[in-house]
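A.B. asks: I am attaching a structure below and will ask some questions about it afterwards.
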Amino acid sequence: MARKFTLLCFFSFPKGVVTSEAEQRLLTKLFENYSRYTRPVENVSEAVTVYFEVSMSQLVKVDEVNQIMETNLWLKHNCSIKFGSWTYDKAKIDLALIGSTINLDNLWENGEWVIMDASGFKHDIKYNCCEEVYADITYSLYIRRLPLFYTVNMIIPCLLISFLTVLVFYLPSDCGEKVTLCISVLLSLTVFLLVITEIIPSTSLVIPLIGEYLLFTMIFIILSIVITVFVLNVHYRTPKTHTMPSWVRTIFVELLPRVMFMVRPTKDWEAEKPQQISVISACSPDFLDSLLAISVCPEIQQTIENVKYVAENIKLQNQCNEVEDDWKYVAMVIDRICLWLFILVCVSGTVGLFLQPLMLGAENTIAETSGG
């Protein structure tokens, strides 16, 4: 048997509004013995069925730092909104869904977030504290960020900073601005990181994707600084401080340049100075020793000794210059290897990190399709 109940509602008017005396006496009479805790049911053994529907008008703000979502439906809540009665169990108050989703007909579009799904479910739960079954309705709000703002203001600058690190290895090996460029990129990333930490959640349960990429970029830059310092150390080595091992000459002077398509212009350099080489060869110590064997006057003999000393110094200097050039060439080869290696790591790391949400979304879609 269907029963009809009248639900009386009253409103509090602002101060200064005077109601009529008759209305005041009527309200006083009607609510004289009224208790808000009494269920509106004729038979105590029957349950009151409450038909429930939520209508959302606007998504106001998502507080990502504290992981709180604010709307004008409720002051503060997370993405799952639960409605139910803790006073009465299902035998006394039952809940029924009017629709399977939140009513979004009057929703104002948010410039940062879009609502993907707002489904509602009814649950009949028996808690450990009580023997009765309690009914509740839970609305799950699934929102997705509109990526344009954060792509322009966060993702693209971070990508440019990471790719700027690769240019360090394109500078000449003896360029002192290599370390300056690395430090400048690291400082810009640090400032960028300070801005990012103010808008990402302060939680240890999961690391945001932009946080992972910033960490990857920072490690990337620190490695470039370490390698740059090592390359500068190799570039400025001399025979007086370091002796080049044979395996270094074999790998970095003979083998790797062929793999990296690097050609050392030694023959052209030798062809430019044939006269100097012939003069030095003519003034070799063996030739001067043969001159000293001939009986000459002391003045000429002293001159020959001086020329011999100069020839030996020139030969030694040429050998030192060749070794220094070899060290510089080794530094250039290391720079070229790091250039291609860092380009590969930067591109693969960027693609791998930013493909994670796409892959996860595809897996969830496949799982939902197979489950359905």
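Those letters in the sequence shown? Residues -19 to -1, 1 to 353, by mature numbering (1 follows the signal peptide of the UniProt record, and there is no 0).
Glycine is no exception: its CB is placed at the ideal position from the N, C-alpha and C atoms.
1. Look up Met313 in the DSSP assignment and say whether it is helix, strand or coil.
2. By a C-beta neighbour count over all protein chains shown, 10 Å radius and 16 as the cutoff for buried, is Ile202 buried or exposed?
3. Which of the three DSSP states is assigned to Trp67 in this structure?
4. Under DSSP, the beta strand (DSSP E) around Tyr120 begins and ends at which residues?
5. Which word fits Ala312, buried or exposed, when buried means at least 16 other C-beta atoms lie within 10 angstroms of its C-beta?
6. Would you check if the distance between the CB atom of Leu85 and the CB atom of Phe33 is smaller than 8 Å?
7. Can you tell me where the alpha helix (DSSP H) holding Ser143 begins and where it ends?
8. Among the residues of its own chain, which have a CB less than 6 Å from the CB of Ile96, if the five just before and after it don't count?
9. Quick check: the Cα distance between Thr284 and Pro226, rounded to an integer number of angstroms?
10. If contact is defined by three or more beta carbon pairs under 8 Å, each pair taking one atom from either stretch, is the stretch 88 to 104 in contact with the stretch 66 to 73?
11. Would a C-beta distance cut-off of 8 Å place Leu334 and Phe197 closer than the cut-off?
12. For Asn87, name the three-state secondary structure that DSSP assigns.
13. Beta-carbon separation of Val147 and Cys327 under 8 Å?
14. May I ask whether a heavy atom of the ligand PLP can be found less than 7 Å away from the beta carbon of Leu237?
15. Three or more C-beta pairs under 8 Å: does that hold for the stretch 203 to 211 against the stretch 157 to 167?
16. Mapping the DSSP letters down to three states, classify Val22 as helix, strand or coil.
17. In angstroms, rounded to a whole number, what distance separates the CA positions of Asp306 and Thr331?
18. From Ser61 to Ser1, what does the alpha carbon distance come to, in whole angstroms?
19. Smallest Cα separation from Met199: which of Thr219, Pro220, Val172?
20. In angstroms, rounded to a whole number, what distance separates the CA positions of Glu293 and Leu152?
21. So what does DSSP say about Asn109, is it helix, strand or coil?
22. Check whether the Cβ atoms of Ile315 and Val212 sit closer than 8 Å, and answer yes or no.
23. Looking at the structure shown, is Met97 part of a helix, part of a strand, or coil, going by DSSP?
24. Check this for me: beta carbons of Gly65 and Ile118, under 8 Å apart or not?
25. Counting C-beta neighbours from all protein chains within 10 Å, is the total for Tyr194 16 or more, i.e. buried, or is it exposed?
26. May I ask you to report which of helix, strand or coil DSSP gives residue 375?
27. Helix or strand or just coil, what does DSSP make of Ala292?
28. Helix or strand or just coil, what does DSSP make of residue 354?
C.D. replies: To lay it out plainly:
1. helix
2. buried
3. coil
4. 114 to 126
5. buried
6. no
7. Segment 137 to 147, the alpha helix (DSSP H) holding Ser143.
8. Ile124
9. 39 Å
10. Using a Cβ-Cβ distance cut-off of 8 Å, the stretch 66 to 73 and the stretch 88 to 104 are not in contact, since fewer than three pairs of beta carbons, one from each stretch, lie closer than that value.
11. yes
12. Coil at Asn87, not helix or strand.
13. yes
14. Absent from the structure shown: the ligand PLP. Ligands present: none.
15. yes
16. Here Val22 carries a coil assignment [DSSP, helix/strand/coil].
17. 37 Å
18. 45 Å
19. Val172
20. Here the alpha carbons of Leu152 and Glu293 stand approximately 36 Å from one another.
21. Here Asn109 sits in coil by DSSP.
22. yes
23. strand
24. yes
25. Using a 10 angstroms sphere on the CB of Tyr194, the tally of other CB atoms reaches 16 or more, which defines it as buried.
26. As displayed, the chain neither begins before -19 nor continues past 353, which places residue 375 out of reach and without an answer.
27. Ala292 falls in the helix class under three-state DSSP.
28. Beyond the ends of the chain as shown, which are -19 and 353, falls residue 354; an answer cannot be given.
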